[in-house]
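Heads up, the thing below is written out as structure tokens.
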Amino acid sequence: MTWEVLSMIGTVAFAISGAFIAMEEEYDIFGVYILGIVTAFGGGAIRNLLIGVPVSALWEQGIFFNLALLSITIVFLFPSNLLKHWQRWGNFFDAIGLAAFAIQGAIYASNMGHPLSAVIVAAVLTGSGGGIIRDLLAGRKPLVLKAEIYAVWAVLAGLVIGLGMANKAVELYGLFAVITA
Amino acid sequence: MTWEVLSMIGTVAFAISGAFIAMEEEYDIFGVYILGIVTAFGGGAIRNLLIGVPVSALWEQGIFFNLALLSITIVFLFPSNLLKHWQRWGNFFDAIGLAAFAIQGAIYASNMGHPLSAVIVAAVLTGSGGGIIRDLLAGRKPLVLKAEIYAVWAVLAGLVIGLGMANKAVELYGLFAVITA
Amino acid sequence: MTWEVLSMIGTVAFAISGAFIAMEEEYDIFGVYILGIVTAFGGGAIRNLLIGVPVSALWEQGIFFNLALLSITIVFLFPSNLLKHWQRWGNFFDAIGLAAFAIQGAIYASNMGHPLSAVIVAAVLTGSGGGIIRDLLAGRKPLVLKAEIYAVWAVLAGLVIGLGMANKAVELYGLFAVITA
Numbered sequence: 006m007t008w009e010v011l012s013m014i015g016t017v018a019f020a021i022s023g024a025f026i027a028m029e030e031e032y033d034i035f036g037v038y039i040l041g042i043v044t045a046f047g048g049g050a051i052r053n054l055l056i057g058v059p060v061s062a063l064w065e066q067g068i069f070f071n072l073a074l075l076s077i078t079i080v081f082l083f084p085s086n087l088l089k090h091w092q093r094w095g096n097f098f099d100a101i102g103l104a105a106f107a108i109q110g111a112i113y114a115s116n117m118g119h120p121l122s123a124v125i126v127a128a129v130l131t132g133s134g135g136g137i138i139r140d141l142l143a144g145r146k147p148l149v150l151k152a153e154i155y156a157v158w159a160v161l162a163g164l165v166i167g168l169g170m171a172n173k174a175v176e177l178y179g180l181f182a183v184i185t186a
Numbered sequence: 006m007t008w009e010v011l012s013m014i015g016t017v018a019f020a021i022s023g024a025f026i027a028m029e030e031e032y033d034i035f036g037v038y039i040l041g042i043v044t045a046f047g048g049g050a051i052r053n054l055l056i057g058v059p060v061s062a063l064w065e066q067g068i069f070f071n072l073a074l075l076s077i078t079i080v081f082l083f084p085s086n087l088l089k090h091w092q093r094w095g096n097f098f099d100a101i102g103l104a105a106f107a108i109q110g111a112i113y114a115s116n117m118g119h120p121l122s123a124v125i126v127a128a129v130l131t132g133s134g135g136g137i138i139r140d141l142l143a144g145r146k147p148l149v150l151k152a153e154i155y156a157v158w159a160v161l162a163g164l165v166i167g168l169g170m171a172n173k174a175v176e177l178y179g180l181f182a183v184i185t186a
Numbered sequence: 006m007t008w009e010v011l012s013m014i015g016t017v018a019f020a021i022s023g024a025f026i027a028m029e030e031e032y033d034i035f036g037v038y039i040l041g042i043v044t045a046f047g048g049g050a051i052r053n054l055l056i057g058v059p060v061s062a063l064w065e066q067g068i069f070f071n072l073a074l075l076s077i078t079i080v081f082l083f084p085s086n087l088l089k090h091w092q093r094w095g096n097f098f099d100a101i102g103l104a105a106f107a108i109q110g111a112i113y114a115s116n117m118g119h120p121l122s123a124v125i126v127a128a129v130l131t132g133s134g135g136g137i138i139r140d141l142l143a144g145r146k147p148l149v150l151k152a153e154i155y156a157v158w159a160v161l162a163g164l165v166i167g168l169g170m171a172n173k174a175v176e177l178y179g180l181f182a183v184i185t186a
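Going line by line, the protein sequences match chains R, X and B. Be aware that the first sequence starts at 6, since it is given in our numbering, and climbs by one per residue. Be aware that the second sequence starts at 6, since it is given in our numbering, and climbs by one per residue. Be aware that the third sequence starts at 6, since it is given in our numbering, and climbs by one per residue.
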């Protein structure tokens with residue numbers, strides 16, 4: 006359940022973030038949808054690849070898929086002058102997505118009995134994978150590699166979960182809130 | 006059979022397209038071959054990843070592989086002043102490759118019983134995947150994300166096949182001709 | 006055993022190379038670690054994908070992982086003025102990594118009974134994959150596509166191994182020394 010909620014939050018946040026950046030780059034409507042979807046599912050695809058789950062499992066997530074499409078559509082329908090006022094929201098959604106996916110990736114790797122170092126790397130790559138692909142597709146240098154502040158939280162998530170300090174749902178939501186804030 | 010013919014057309018068209026762009030970027034002979042091969046097989050690799058077929062299945066396509074190598078060699082041996090006259094052919098081969106792979110991806114996803122939205126996304130990503138990787142490796146922003154006109158056709162292919170409107174070979178070739186034209 | 010030694014050399018060389026370039030781009034500490042790890046394991050991940058071995062097998066390589074982390078840490082702790090003197094070392098480590106991974110990729114593909122053309126492509130992509138991902142993440146055009154000299158050696162490795170000219174450990178080390186030099 007916690008897993009699904011975190012996936013949902015991360016998917017929506019990254020879909021919005023990808024769509025925002027595609028609009029900043031003046032990509033057309035398909036660029037906006039592709040960047041939104043790739044950002045939302047790129048992190049999960051990389052995580053699945055890295056931990057040995059078939060990437061095609063993503064196709065079974067019908068709800069997440071429709072959620073992402075809905076989020077992107079809402080961003081796309083936003084009047085563009087409003088968008089400029091809210092540009093900073095891009096970073097906010099980025100932070101939410103990173104936190105949700107970093108925790109999710111750490112849980113996955115941890116459940117599979119990987120050592121602490123692998124759990125941390127899983128958290129970092131899962132949390133930042135979608136954003137890195139998004140930045141590459143937008144012709145930008147990946148933000149997460151330059152802006153220290155993001156990755157710290159992903160490492161923290163990996164550390165906390167890898168050490169078995171947070172296993173229950175309540176604790177995980179708390180961790181999520183702390184990282185996002 | 007239809008599948009093989011579409012694969013063959015897409016492979017040749019994308020191999021030529023990748024080699025063209027590598028030469029425009031003044032990459033060396035290996036850059037030209039790598040970009041040609043990655044463009045030709047990148048879309049298929051992404052499709053295989055997304056639908057759960059092992060990517061290594063690509064290695065069994067000996068004919069396609071040799072076809073791609075042959076196409077790239079022909080492009081490479083072209084006199085470079087002739088190449089400049091034919092620069093627009095790059096876009097033409099891009100369109101052919103996109104149409105062939107979009108239909109192919111849609112057929113695959115459709116055969117596996119995925120819902121309509123997934124079939125459309127499969128068509129878009131399969132058709133545009135090779136070109137996106139090619140543009141990234143050439144240090145360019147992906148053309149397909151900026152130039153609306155391409156992706157429209159891929160969506161159309163997904164829609165037509167997803168709705169079960171084109172199942173027979175004749176219909177598929179007609180769809181391919183319409184998209185390319 | 007030869008396999009492990011080549012993996013070890015390639016991992017350390019690419020981890021250092023990735024960390025160097027991240028520092029040249031003034032990425033933060035996490036950018037340095039991510040670029041180092043992605044460069045070290047990106048080639049192997051692409052190889053595993055292409056030859057049908059689960060990418061998650063990378064997680065079992067605990068020693069390589071710690072080796073990479075150690076190498077990156079050493080680079081990171083280097084005083085930056087010393088680094089500028091040694092900038093040319095980046096290319097040296099790149100060449101070592103490419104040679105080690107190209108041979109490794111060729112052995113793998115050869116052992117699986119692939120034809121000569123596939124063995125050559127496996128050598129090229131395995132040897133250059135990590136460096137290409139690294140350059141993309143650093144916002145650069147992939148060096149290996151522009152600088153002929155690198156890929157020649159990877160092709161050579163594929164050719165020699167694909168033709169069954171080097172099967173014993175001594176011969177493989179000799180090939181490695183020749184390619185690096």
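Heads up, the beta-carbon is just placed ideally off N, CA and C, and yes, glycines get one too. Quick caveat, the model's predicted, so the values are computed rather than measured.
Candidates the options: closest to residue i by CA position
i	options	result
G47 (chain B)	B:K146, B:I137, B:P59	B:I137
A128 (chain B)	B:F97, B:S76, B:I56	B:I56
N96 (chain R)	R:F25, R:V10, R:S12	R:F25
G134 (chain X)	X:A107, X:V124, X:A123	X:A107
E31 (chain X)	X:L150, X:L142, X:K146	X:L142
E9 (chain X)	X:G102, X:V37, X:Q109	X:Q109
I79 (chain X)	X:V43, X:G23, X:T131	X:G23
I42 (chain B)	B:R145, B:G144, B:K146, B:R139	B:R139
H119 (chain X)	X:L103, X:L164, X:D33, X:G49	X:L164
A100 (chain X)	X:G132, X:A50, X:A27, X:E29	X:G132
V37 (chain R)	R:M117, R:M28, R:T44	R:M28
V112 (chain X)	X:N71, X:G67, X:G144, X:G49	The residue you asked about is not Val; residue 112 (chain X) is Ile in the sequence shown. Residue X:G49 is the option with its Cα nearest to I112 (chain X).
L103 (chain B)	B:M117, B:F35, B:T44, B:L40	B:T44
Within chain R, partners of residue i - CB distance below 7 Å
i	result
L54 (chain X)	V60
Contact list for residue i against chain B, beta-carbon separation under 8 Å
i	result
L141 (chain X)	L141
L74 (chain X)	S122
V43 (chain R)	What V43 (chain R) touches in chain B: nothing, since even the nearest Cβ is about 15 Å away.
V165 (chain R)	Those within 8 Å of V165 (chain R) in chain B number zero; the least Cβ separation is about 17 Å.
Neighbouring residues, chain B, relative to residue i (Cβ below 7 Å)
i	result
G204 (chain X)	There is simply no residue 204 (chain X) to check, as chain X begins at 6 and stops at 186 in what is shown.
Within chain X, the residues that residue i reaches when beta carbons sit closer than 8 Å
i	result
L40 (chain B)	Residues of chain X passing the Cβ test: none, with the nearest at roughly 16 Å.
Listed by chain order, chain B residues near residue i by CB distance under 9 Å
i	result
F70 (chain X)	P120, S122, A123, V126
V10 (chain R)	None at all; the shortest Cβ gap to chain B is about 25 Å.
Neighbourhood of residue i by C-beta distance below 6 Å, restricted to the same chain and skipping five residues each side
i	result
S76 (chain X)	V17, A20, I21
F81 (chain X)	V37
F98 (chain R)	A18, I21, S22
A105 (chain R)	L11, I14, G15
Residue i: contacting residues in chain R (beta-carbon distance under 9 Å)
i	result
G67 (chain B)	P120, S122, A123
Contacts around residue i, its chain only, beta-carbon distance under 7 Å, and the 5 residues preceding and following it disregarded
i	result
F69 (chain B)	S12, M13, T16
A114 (chain X)	I56, A123, V124, A127
L148 (chain B)	G136, D140
M117 (chain B)	I56
Chain-ordered chain X contacts of residue i [CB-CB under 9 Å]
i	result
L150 (chain B)	A27, E30, Y32, D33, F35, G36, V37, I39, L40, L142, A143
Cβ-based neighbour list, residue i, same chain, cut-off 8 Å, excluding 5 preceding and 5 following
i	result
K151 (chain X)	none
K146 (chain B)	D140
L40 (chain R)	G23, A24, I26, A27, Y32, R139, L142, A143
I34 (chain B)	F81
L72 (chain B)	M13, T16, V17, A20
Chain D contact residues for residue i, given Cβ-Cβ distances below 8 Å
i	result
I137 (chain R)	The displayed structure is made up of protein chains R, X and B, and chain D is not among them.
Amino acids of chain R, ordered along the chain, whose beta-carbon sits closer than 8 Å to that of residue i
i	result
V80 (chain X)	Within 8 Å Cβ-Cβ: nothing; V80 (chain X) doesn't reach chain R, min ~26 Å.
Q: Just list the alpha helix (DSSP H) runs in the stretch 119 to 151 of chain R, keeping only unbroken ones of 4 residues or longer that don't cross its boundaries, in chain order.
A: 121 to 142, 148 to 151
Q: Give the residues from the stretch 15 to 36 of chain X that approach chain B closer than 9 Å (Cβ to any Cβ), ordered along the chain.
A: Cβ contacts with chain B: A27, E30, E31, Y32, D33, I34, F35, G36.
Q. Whole alpha helix (DSSP H) runs in the stretch 19 to 70 of chain R with 4 or more residues, listed along the chain?
A. 34 to 56
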